[in-house]
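Quick note: the sequence shown uses the numbering used here, first residue 97, plus one each step. No residue lacks a Cβ here, since even glycine has one placed at the ideal position from N, Cα and C. Okay, so here's the structure we're looking at.
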Amino acid sequence: MEVRNHTQLRDANMGLIFRTLHEEGPLSRTSLVERTGLAPSTVSVITAELQARKFIRERGRDAETRIGRPQVLLEVNPTGGYFLSADLGSDGLAVAVIDLSLEPVLSKVYRTDSTLQGEELYRQLIRALNDLQDTCTFQKWPVLGIGVASPGLITPTGRVLQADNLGWIDFDLKARLESDISEMVVVENDSNAAASGEFRHGSYRDVSVQNMMYVSVDTGIGCGLILDGELFSGTHGLAGEFGHIVVMPDGPRCACGGRGCLEAVAAGPALLRDYWNISGSGSVREVADLTRQANRGDENAIGVLVEGARRIGTAIGNQINVLNVDTVVLGGSVVLGCDAFFFDEVERAARRVTLPRFGETVTFRRSSLGTNAGLVGSASLCLLQLFRVSA
Ligand SMILES: [Zn+2]
């Protein structure tokens, strides 16, 4: 089947205007001229076209107009288009319909166990996306694209090189989805997608933030980097394997084959292992049980989590010294499941090793999108793809 052609939206000026409204709107046409450097006539023609296609809408008048009649303000029209998002997490498949302003309008989680892998998992993903598509058709919501956040190593062409927990090795996820669902598809590593979501749509979104490190502590430890305002993916699209920084060369074996990686000593399974060794308790089986125990005051659980937080914080502090980021966002089930003590300990440990000038300017934040970060993030990457601005 043929993939729908959205190339008409990739006009550089149209992309620039839409992106500016998305990031800074509502804005008047005069402000758009100032922000984009485009001619007033170009801004007029393009905003008229975007309005005709319902991607943007009018929203009152600008009270701050200095001369003459207050100007009409323009903003992104949330109902002008929708994205289907999927996030393949450790404990299930989350899917959502996200509107053009990047707000989720409906979401669903399919609990899956670790035996659902490979082709079977792919078929489940297709079924879930088809269900969402049917809902969108019923609601008359135009679908603009599909974003999928997957753990593992993902190439810029959307091929999953390796996602051990999903049973996908060299799996051409993007091409298969495009052929099976006939929509534009973006596939990105889950931590990269979450970083993009926090950067573009986090509640503390601030245009002055240009360099951000997103770290997720879950069954693995992932990292997404926004550098100079763009997602940084490295030469082969594989950057950010922060969980495999070696912090104990003779430490426990890691899933990657190495020893003593940060993930092998501080991610969910390692924290559970340490807790079992100390307490011998069999009632704590999952990471969620461990964080709950800690929040209830279980000293052993708190001790294990604090030790993990220190290791993660030290590694983050070292990265701050390398990258000079202005913001660190912490997410994932361990961070979100614990009371403030875990987050605070990561920040304390990071600040202990950052150079003074680096530490003074960096802000630590808890993920504002929470479990939706990957879903919103993959929709945001779809949006960028759709209105891609030529550099
Ligand atoms: Zn490793």
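The three-state reading of DSSP puts tryptophan 264 in strand, counting E and B together. At a Cβ-Cβ threshold of 9 angstroms, glycine 354 and histidine 332 do not count as neighbours. Within 10 angstroms of the beta-carbon of glutamine 389 lie 16 or more other beta-carbons, which makes it buried. The three-state reading of DSSP puts isoleucine 341 in coil, since its state is none of H, G, I, E or B. Assignment of alpha helix (DSSP H) within the region 399-453, counting only whole runs of 4 or more residues, yields 429-433 and 436-449 in chain order. Ordered along the chain, residues surrounding ligand 1 are His340, Cys350, Cys352, Gly354 and Cys357 [Cβ under 5 angstroms from any heavy atom].
In the DSSP annotation of this structure, methionine 309 is not part of any alpha helix (DSSP H); the continuous beta strand (DSSP E) holding it starts and ends at 308-313. Taking the Cα positions, glycine 254 is about 30 angstroms away from asparagine 414. By the CB criterion at 9 angstroms, valine 239 and leucine 249 fall outside the cutoff. With contacts defined as CB atoms closer than 9 angstroms, leucine 180 and leucine 217 fail to qualify as a contacting pair. When rounded, the separation of the alpha-carbon atoms in leucine 401 and leucine 432 is 13 angstroms. Under the three-pair Cβ rule at 8 angstroms, the region 273-280 does not count as touching the region 444-464. Annotation for asparagine 226: the continuous alpha helix (DSSP H) segment containing it runs 214-235. Non-local C-beta neighbours of valine 361 in its own chain, meaning closer than 7 angstroms and more than five positions away in sequence, comprise Val343, Met344, Gly347, Pro348 and Arg407, ordered along the chain. A straight line joining the alpha-carbon of aspartate 195 with that of leucine 228 spans about 13 angstroms.
Out of Ser304, Val201, Glu119 and Leu134, the CA that lies nearest to the CA of threonine 423 is found in Ser304. When the beta-carbon positions are compared, valine 458 and isoleucine 398 stay at least 9 angstroms from each other. Secondary structure within the region 325-385: the alpha helix (DSSP H) runs of 4 or more consecutive residues, fully enclosed, are 358-362 and 364-375 (chain order). If you draw a straight line from the Cα of glutamate 120 to the Cα of leucine 327, it is about 19 angstroms long.
For asparagine 285, the enclosing beta strand (DSSP E) has its first and last residue at 281-285. Annotated three-state conformation of serine 181 is strand, per DSSP.
Look at alanine 190 here: in three-state DSSP terms it is strand. Burial is judged here by how many other beta carbons sit within 10 angstroms of a residue's own beta carbon; asparagine 285 has at least 16 and is buried.
Put simply, of Gly364, Gly177 and Gly409 the residue whose alpha carbon is nearest the alpha carbon of lysine 236 is Gly177. Under the three-state reduction of DSSP, valine 129 is assigned to helix. A residue is called buried when at least 16 other Cβ atoms come within 10 angstroms of its Cβ; glutamate 359 meets this threshold and is buried. In the three-state scheme derived from DSSP, where H, G and I count as helix and E and B as strand, glutamate 199 is classed as coil. Per DSSP, the beta-bridge partners of arginine 207 are Gly188.
Leucine 465 sits in coil when the DSSP states are folded into three classes, being neither helix nor strand.
Around the beta carbon of proline 247, 16 or more other beta carbons sit within 10 angstroms, so the residue counts as buried. The criterion of a C-beta distance shorter than 9 angstroms is not satisfied by leucine 269 and glutamine 213. The C-beta of valine 472 has 16 or more other C-beta atoms within 10 Å across all chains shown, which makes the residue buried. Looking at Ile374, His297, Leu479 and Gly428, the one whose alpha-carbon comes closest to that of alanine 384 is Gly428. Nearest Cα to cysteine 478 within the set Ser140, Asp158, Ala182 and Gly156: Ala182.
By the criterion of a C-beta distance shorter than 8 angstroms, leucine 225 is surrounded in its chain by Leu180, Ala182, Val191, Ile242, Leu273 and Ile277, once the five residues flanking it on both sides are discounted.
The straight-line gap separating the alpha-carbon atoms of alanine 289 and serine 474 is approximately 5 angstroms.
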